[in-house]
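Take a look at the structure set out below.
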Amino acid sequence: MLFMSGIGTYLRNLLAGVARLDARTEYVLFLRPADRERFEAPGANFRVVAADAAPYSLAEQALLPRLIRREGLDLIHHPHYFAPWFGRTPMVATVHDLIHQLFPEMFRLRAVSWLAWAAAWRTVARARLVLTVSEHTRHDLVFRLGVPPAKVRVTYNALAPGWGEGPSPPLPAPVAALGGAPFFLYAGNHKRHKNLPVLFEAFGWLRRQERGRESRLVLTGERGDLEAGLRRAGLGDEVVFLGEVPHKTLEGVYRAARALVFPSRYEGFGYPPLEAMGCGVPPVVSDAASLPEVVGDAGLIVPVDQARPLGEAMQRLLADDELHRDLSARARERARKFSWRSLAEGTLQAYREAIAAGRAA
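If you're matching positions, the sequence shown starts at 59 in our numbering and goes up one per residue.
Structure representation (structure tokens):
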């Protein structure tokens, strides 16, 4: 979980921030062996306990309550909606989004959506306080799950300390091989709601309009099942796949990109647009869910599921250097609003409130 996509980034940045603000409280982290090998504790008051169970699994449901009882904790913070269903230890939970519940058609098994509904409902019912990462998801929690508004706190995701500052990390070979040609970056997984076929269609349109421009589209992950969508859009070697990229290396790719393109249909927050803004790179995002809330006036916002407006936005950022400079400056300024300090302070305040409520009960 600590090194899994958006939730892992949230956790690493939160832990780094908490360590800077609180050196007195003992923090116990339950980590799988693979995560334990990669993790470096951010402070002397952080202790790791092995918990060999996959996230969202029945094994996790059985193991975590035993470990929590054994450690005698005052409070637990569960970082997603599938918290242990049973236990008496006071809990704060972070719910990042309700995608499984709101978009069941995106998943092969309808039972996954039903289980997600049940797990989310049980988690928010058990939690003393519920943290979430955007006002959009807060609205979903209140009006879709019926969580009392006073129980929900918005603690926006944050950039890692030092992100986008100092010397740029070396570029991976496939990007260095572009020789400085302008490229658009998509960073993220390839799940259906990420809307990559629309991105391919938009980039195919852009290539047909460019009249000699040699722009490229660079994506994290493998080409794999996306080959058919690329062929339908008339694309081939002008689309570059990076495979799995270490997070620090990815920072260098962000910095070199002309813009980030992120046409997702649904995000509880959307980390890649924030990471791009932290590097002074304008994001182009869809007008869906939390993305306009995160990007504000620091990027271009286009109608979801429409390839032509997306392609036109990409074309504008290629052709208009003044627009690009303006959005780049706005991006850096907006990224400062999502600080590690705000995330850590808001979370620590929630911990204090939850513990105090337990003592008063």
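Where a beta carbon is used, it is the ideal one built from N, C-alpha and C, also for glycine. On a predicted model such as this, the values are computed, not experimentally measured, just so you know.
Notebook entry, point to check: For Ile-359, which beta-bridge partners are listed by DSSP?
Noted result: Val-343
Next item on the list: Alpha carbon to alpha carbon, how far is Leu-332 from Gly-354? Give it in angstroms, no decimals.
Entry: 11 Å
Next item on the list: Kindly give me the distance between the Cβ atoms of Val-150 and Ala-99, rounded to whole angstroms, as I take these residues to be in contact under 8 Å.
Entry: Contact doesn't hold; Cβ gap of about 21 Å is too wide.
Check: Using CA coordinates, which residue listed in Gly-292, Leu-243, Val-256, Phe-261 is at the minimum distance from Gly-279?
Finding: Leu-243
Next item on the list: Could you tell me whether any Cβ in chain C is nearer than 8 Å to the Cβ of Asn-103?
Entry: Any reference to chain C falls outside this structure, which holds one protein chain only.
Next item on the list: Under 8 Å by Cβ, that's how I've got Leu-217 and Phe-97 pegged, so tell me the actual separation to the nearest angstrom.
Entry: 19 Å between Cβ atoms; not a contact.
Next item on the list: Please name the residue, chosen from Asp-363, Ser-226, Glu-95, Val-233, that lies closest to Leu-257 on a Cα-to-Cα basis.
Entry: Asp-363
Check: First and last residue of the beta strand (DSSP E) that includes Arg-313?
Finding: Here Arg-313 belongs to no beta strand (DSSP E); instead the alpha helix (DSSP H) covers 305-314.
Next item on the list: Report the residue from Trp-263, Val-311, Val-106, Asp-198 whose alpha carbon sits nearest the alpha carbon of Leu-277.
Entry: Val-311
Next item on the list: Grab me the residues of Phe-88's own chain with a C-beta within less than 7 Å of its C-beta, minus the 5 sequence neighbours each way, in chain order.
Entry: Val-107, Ala-109, Leu-122, Leu-125
Next item on the list: Please specify which runs of the beta strand (DSSP E), each continuous and at least 3 residues long, are wholly inside the stretch 250-336, giving them in chain order.
Entry: 274-277, 297-299, 317-320
Notebook entry, point to check: In three-state DSSP terms, what is His-135?
Noted result: strand
Next item on the list: Determine the contact status of His-154 and Ile-65, defining contact as a CB-CB distance below 8 Å.
Entry: yes
Checklist line | Beta bridge counterpart(s) of Phe-97 as assigned by DSSP | finding: BP columns for Phe-97 are empty, so no partner.
Next item on the list: Return the first residue and the last residue of the alpha helix (DSSP H) that Val-353 is part of.
Entry: 349-353
Notebook entry, point to check: Got a sec? Which residues, its chain only, sit under 6 Å from Met-335 by beta carbon, not counting five neighbours each side?
Noted result: Ala-356, Ala-389, Arg-392, Ala-393
Next item on the list: Please name the residue or residues paired with Tyr-244 in a DSSP beta bridge.
Entry: Leu-277
Next item on the list: Express the C-alpha separation of His-138 and Arg-166 in angstroms, rounding to a whole number.
Entry: 21 Å
Checklist line | Cβ neighbour criterion (16 or more within 10 Å) applied to Ala-346 | finding: buried
Check: Whose CA, out of Leu-156, Leu-187, Val-191, lies closest to the CA of Ala-174?
Finding: Leu-156
Next item on the list: Let me know if Val-191 comes out buried or exposed under the rule of 16 or more other beta-carbons within 10 Å of its beta-carbon.
Entry: buried
Check: Can Leu-72 and Leu-401 be called in contact, C-beta distance under 8 Å?
Finding: yes
Next item on the list: Taking only the alpha-carbon atoms, compute the straight-line gap between Gln-267 and Met-372 and give it to the nearest angstrom.
Entry: 11 Å
Next item on the list: Just tell me which of Gly-145, Asp-283, Ala-183 has its CA closest to the CA of Val-205.
Entry: Ala-183
Item checked: Identified DSSP bridge partners for Thr-152 -> Leu-189
Margin query: My output table needs one value for Val-76: the three-state DSSP class, helix, strand or coil.
Written below: helix
Next item on the list: Kindly indicate which three-state DSSP category Tyr-68 falls into: helix, strand or coil?
Entry: helix
Check: Expressed to the nearest angstrom, what Euclidean distance is found between the alpha-carbon atoms of Trp-172 and Gly-145?
Finding: 22 Å
Check: Arg-410 by DSSP, collapsed to three states: which one?
Finding: helix
Notebook entry, point to check: Skipping 5 residues on each side, what residues in its chain have a beta carbon closer than 7 Å to that of Asp-80?
Noted result: Leu-406
Check: DSSP beta-bridge partners for Arg-108?
Finding: The residue asked about is misnamed: residue 108 is Ala in this sequence, not Arg. Ala-108 pairs with Leu-89.
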